[in-house]
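Q:
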Amino acid sequence: MRPDGLAALPKQALETAVSARSPLTPDLPRQAALARFLKRGFPSTRAEDWKYTDLSAAIDVTRDWLAAGAVSGIPDSLADDAAALTGNIDASWVVVGNGQIVGDLPAESGKDGIVVERLSRAAVEPSIEQPLADLNAALLTDGLHVRVPKGARPSRPLGILYLDQTDEDPLVSLQRAVIDVEAGAQIAVIEYHASKGRGGHYSNTQVELSVGDGGSIDYVRLQNRDRAHSQTQRLGVTLARDSAFRHFALDLGGALTRNDLTIDIAGPGAEARFDGLYIAGDGQHIDNHTRVDHRVGPARSAQEYRGILRGQCRAVWNGKAIVHEGADGTDAVQGNHNLLLSEGAEIDAKPELEIYADDVKCAHGTTVGQLDESALFYLRSRGIGPSDAQRILTHAFAASIVRELPIGRLSDAVNTLIDRRLGDSLAMESA
Amino acid sequence: MLRIQNLTARIGDTEILSGLSLSVEAGEVHAIMGPNGSGKSTLAQVVAGHADYEVTAGSVEFKGQDLLELEPEERAREGVFLGFQYPVEIPGVNNAYLLKAAVNAKREHRGQDEIDAFEFMKLAREKMAMLGMDQKFLSRGVNEGFSGGEKKRNEILQMAMLEPELAILDETDSGLDIDALKAVAGGVNALRSPDRAIVLVTHYQRLLDYVEPDFVHVLSDGRIARSGDKTLALKLEAQGYDWVKEAVGA
């Protein structure tokens, strides 16, 4: 039997670690968060939402890390890695290394500017009551508060690079960002997650995003962590009247990945479009849970997640849409399509619709399949060998969702990441 | 160039070709006609190497080599081209990418370097102009959302780019309006040369008004029931297929 999430908690080490946390972050109610976390523990597979995803590895890393004294310095070599990753994408970058902001924050202000501050200097309420959010709040040492003032429309995207390096020691990195897009403001945000090192690693990321009346955000998250690391990530979005949220999430790395995306449609006229692509290989487990609460109408939400699974791996997609009473005029669409390229690949796909309003339009569709034999033959009849034909069709499956990418300038970088992950350098769209 | 002898093939438990023999030489245009279900498309698919069809007897030689021993892509690189009756839509792969990959696969097979990007574009533009195709088709997904006529023109474009030695066009004329039919016929005629052979698989005589065949064969029950010159097609058009069956049965 696997250890229970609660029984396995190193209570004393956690309490010591929290007490020793820097007083630089007095606004974070650490002790209350810790108390809640100690009461509930890590989510266990007995919970319906965590049925397929076992956090034992994350628990182990956390225990080892606490036992080692919970030190997380920033290795010098991070700067070079960061430059290599950010150099290809034109954005104002903030680098967060092992949970600490590295270097200066972008000093932009004025009419078109954004305000980027350390979370410690901004009074921020604790995040939702959820064990992983509590663990994050209890141990967090640094974080970002991004404010896009009313009507601001910065010309360049804001990039946040989360980079972790572990070498031999276990590492838990805690990451948090609060992003406020005020009324009528528009911004593009790129989140890039990368890690390296041989030590055990667990990262816990919590992002809270609110978009004001008529505001809009294009938000792309690229995750390419080391294939041995574990990660949990939550992005909570609140959308006001006539606001727009366009999102694309790419998951390539990690041994265990769990993403929770929750969207609260709080104002009529809001629109949420979110897509994802996950590519899993041997030993990987990638779980995407999404939840949209349509509290008012009319409003639209549409999501499409695609997965490419090869080798011994497992992916989970659970898309929930709840249309609350009175949210008439809701239009909610969800889709999940998976390509299973090996016997050992497994997908658990579950769309869920709960509808408590009358005038709604909801649709969902999930597919699981292999490459289309007639398309393979068509390509081969043109002289293209079977392995190239398979690769071309696999790319095509990914390309169909990548072309919905909300930040156009990222498409080359995203295609390159996918090409490398699929193991070839063909640039599909550049012929 | 192509020598088919006593070819018998089946799909599942159903025998579709039953001892078909046909010889096609370089420079010739053959039309293969016949009623639905007579085995026309099966013949085209077997020559191209579709795995769903099992050859149970007979032989197919192409330029003196055993074609049945080759994989579909090897047949294509050797110079066999099949124009599909139902071209496959492949969203996410753009047309230019496919054309370039196909051209390069053939060049590599011949020991040539990859085609130069400029040369490729020049060639593609030239062939598209000939077929009355807008250049925007290059950047669209392969056959994605194309009309029936656009798909068929696209098959002819691929053929024109690949310059095969043996082109088998499976019902390329079906579902075309008169302009598309003329464009397709123009593409086929442009490829006619003493070095190439073209096999037109068709249900109707219509295409043959624009591409004049040297030989016409009528398929019935999986074998060639009658062969003749272009006047045979006219007779079929006037009298239908029943008389062929009757003549064979008699």
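Heads up: the sequence lines are chains A and B, in that order.
The first sequence begins at 4 in the working numbering and counts up one residue at a time.
The second sequence begins at 468 in the working numbering and counts up one residue at a time.
Beta carbons are placed, not taken as given, at the ideal position from N, Cα and C, and that holds for glycine.
#1: Tell me the start and end of each unbroken alpha helix (DSSP H) in the segment 295-365 of chain A that is at least 4 residues and wholly inside, in chain order.
#2: Helix, strand or coil: how does DSSP classify R230 of chain A here?
#3: Helix, strand or coil for N561 of chain B, going by three-state DSSP, please let me know.
#4: Roughly how many angstroms lie between the CA atoms of S198 of chain A and N207 of chain A, to the nearest whole one?
#5: Kindly indicate which three-state DSSP category K697 of chain B falls into: helix, strand or coil?
#6: Say whether chain A places a C-beta atom closer than 8 Å to the C-beta of G615 of chain B.
#7: On a CA-only basis, which of B:A572, B:I499, B:F604 is nearest D391 of chain A? Give me that one, please.
#8: Let me see if you follow: with CB-CB separation under 8 Å, is H398 of chain A close to chain B or not?
#9: Thinking just about the alpha-carbon of each residue, which of B:D637, B:W710, B:E540, B:F604 is nearest to the one in Y806 of chain B?
#10: Which same chain residues, not among the five before or five after G332 of chain A, have their C-beta less than 8 Å away from its C-beta?
#11: Which residue marks the beginning of the alpha helix (DSSP H) containing M500 of chain B, and which one marks its end?
#12: Quick one: Cα of R412 of chain A to Cα of R383 of chain A, how far?
#13: Nearest by alpha-carbon distance to L81 of chain A: which of A:N91, A:G100, A:H327 is it?
#14: Counting only Cβ pairs nearer than 7 Å, list the residues of chain A close to Q625 of chain B.
#15: Measuring straight from C-alpha to C-alpha, what distance separates G489 of chain B and L648 of chain B?
#16: Let me check understanding here. Comparing Cα to Cα, which of A:Q306, A:C316, A:A16 lies closest to H340 of chain A?
#17: Tell me which residues share the same chain as Q236 of chain A and place their Cβ nearer than 6 Å to its Cβ, disregarding the 5 neighbours each side in the sequence.
#18: Shortest alpha-carbon distance to D137 of chain A belongs to which of A:V21, A:I190, A:A258, A:L212?
#19: Could one say the Cβ of R544 of chain B lies closer than 8 Å to chain A's Cβ atoms, at least one of them?
#20: Enumerate in chain order the residues of its own chain whose CB-to-CB distance from A155 of chain A is below 8 Å, with the five nearest sequence positions on each side excluded.
#21: Enumerate in chain order the residues of its own chain whose CB-to-CB distance from M468 of chain B is below 8 Å, with the five nearest sequence positions on each side excluded.
#22: Taking DSSP's pairing of strands, which residues face N207 of chain A in a bridge?
#23: When the cut-off is 8 Å and only beta carbons count, does F380 of chain A lie next to chain B?
#24: Counting only runs of 3+ residues fully inside the segment 116-200 of chain A, write out the beta strand (DSSP E) ranges in chain order.
#25: Which of the three DSSP states is assigned to A378 of chain A in this structure?
#26: Anything in chain B within Cβ reach of A402 of chain A, meaning under 7 Å, just list it in chain order.
#27: According to DSSP, is S248 of chain A part of a helix, a strand, or is it coil?
#28: What is the residue span of the beta strand (DSSP E) that G286 of chain A lies within?
#29: Taking the alpha helix (DSSP H) that R43 of chain A belongs to, which residues open and close that run?
#30: Can you check the segment 637-697 of chain B for any alpha helix (DSSP H) of at least 4 residues that lies completely inside it and give the ranges in chain order?
#31: List, in order along the chain, the chain A residues whose C-beta lies closer than 9 Å to that of E540 of chain B?
#32: Starting from the beta carbon of I92 of chain A, find every residue of chain B whose beta carbon is closer than 9 Å, and list them in chain order.
#33: Taking only beta-carbon positions, decide if S377 of chain A is within less than 8 Å of chain B.
#34: Are the C-beta atoms of I395 of chain A and some chain B residue less than 8 Å apart?
A: So, from the listed chains and residues:
#1: Qualifying alpha helix (DSSP H) stretches: none in this window.
#2: R230 of chain A carries a coil assignment under DSSP once its states are collapsed to helix, strand and coil.
#3: The DSSP-derived three-state label of N561 of chain B is strand.
#4: For S198 of chain A and N207 of chain A, the distance between alpha carbons rounds to 13 Å.
#5: Taken through DSSP and simplified to helix, strand or coil, K697 of chain B comes out as helix.
#6: Chain A, which has no Cβ nearer than 8 Å to the Cβ of G615 of chain B, makes this no.
#7: Comparing Cα positions, the closest option is B:A572.
#8: Closer than 8 Å to some Cβ of chain B, the Cβ of H398 of chain A qualifies, so yes.
#9: It is not possible to answer for residue 806 of chain B, since the shown part of chain B is limited to 468 through 717.
#10: Cβ-Cβ distances below 8 Å link G332 of chain A to P271, G300, P301, A302, D362, V363 in the same chain, with the five nearest sequence neighbours on each side left out; the list follows chain order.
#11: Counting along the chain, M500 of chain B falls outside any alpha helix (DSSP H), though it belongs to the beta strand (DSSP E) covering 496-500.
#12: R412 of chain A and R383 of chain A have their C-alpha atoms spaced approximately 33 Å apart.
#13: Closest by C-alpha distance to L81 of chain A, out of A:N91, A:G100, A:H327, is A:G100.
#14: Taking a Cβ-Cβ cut-off of 7 Å, the neighbours of Q625 of chain B in chain A comprise R385, given in sequence order.
#15: A quick correction: the sequence has Leu, not Gly, at residue 489 of chain B. L489 of chain B and L648 of chain B have their C-alpha atoms spaced approximately 27 Å apart.
#16: Sorting A:Q306, A:C316, A:A16 by C-alpha distance to the C-alpha of H340 of chain A places A:Q306 at the top.
#17: For Q236 of chain A, same chain residues with a beta-carbon under 6 Å away, outside a window of 5 residues either side, are T208, N262 in chain order.
#18: For the residues A:V21, A:I190, A:A258, A:L212, the minimum Cα distance to D137 of chain A belongs to A:V21.
#19: Chain A, which has a Cβ nearer than 8 Å to the Cβ of R544 of chain B, makes this yes.
#20: Cβ within range, chain order: K114, D115, G116, I117, E185, A188, Q189, I190.
#21: Exclusion of the five residues before and after M468 of chain B leaves V491, E492, A493, F529, K530, E632, L633, A664 as the residues of its chain whose Cβ lies within less than 8 Å of its Cβ.
#22: When DSSP reads this structure, N207 of chain A sits in a beta bridge with A:L177, A:T235.
#23: By this cut-off, F380 of chain A is an interface position.
#24: Segments of the beta strand (DSSP E) lying fully in the segment 116-200 of chain A: 118-121, 147-151, 161-168, 174-184, 189-199.
#25: It is helical.
#26: Under a criterion of Cβ atoms nearer than 7 Å, the residues of chain B adjacent to A402 of chain A are, in order, G559.
#27: The sequence shown places Phe at residue 248 of chain A, not Ser. Looking at F248 of chain A - three-state DSSP - the assignment turns out to be strand.
#28: For G286 of chain A, no beta strand (DSSP E) segment is defined, and its DSSP state is neither H nor E.
#29: Unbroken alpha helix (DSSP H) run through R43 of chain A: 33-43.
#30: Look at the segment 637-697 of chain B and you find these whole runs of alpha helix (DSSP H), each 4 residues long or longer: 645-658.
#31: For E540 of chain B, the chain A residues whose Cβ falls inside 9 Å of its Cβ are L382, R383, S384, R385, G386, I387, G388, P389, D391, A392, in order along the chain.
#32: Residues of chain B passing the Cβ test: none, with the nearest at roughly 23 Å.
#33: Yes, S377 of chain A counts as interfacial toward chain B.
#34: When Cβ-Cβ separations below 8 Å define contact, I395 of chain A makes contact with chain B.
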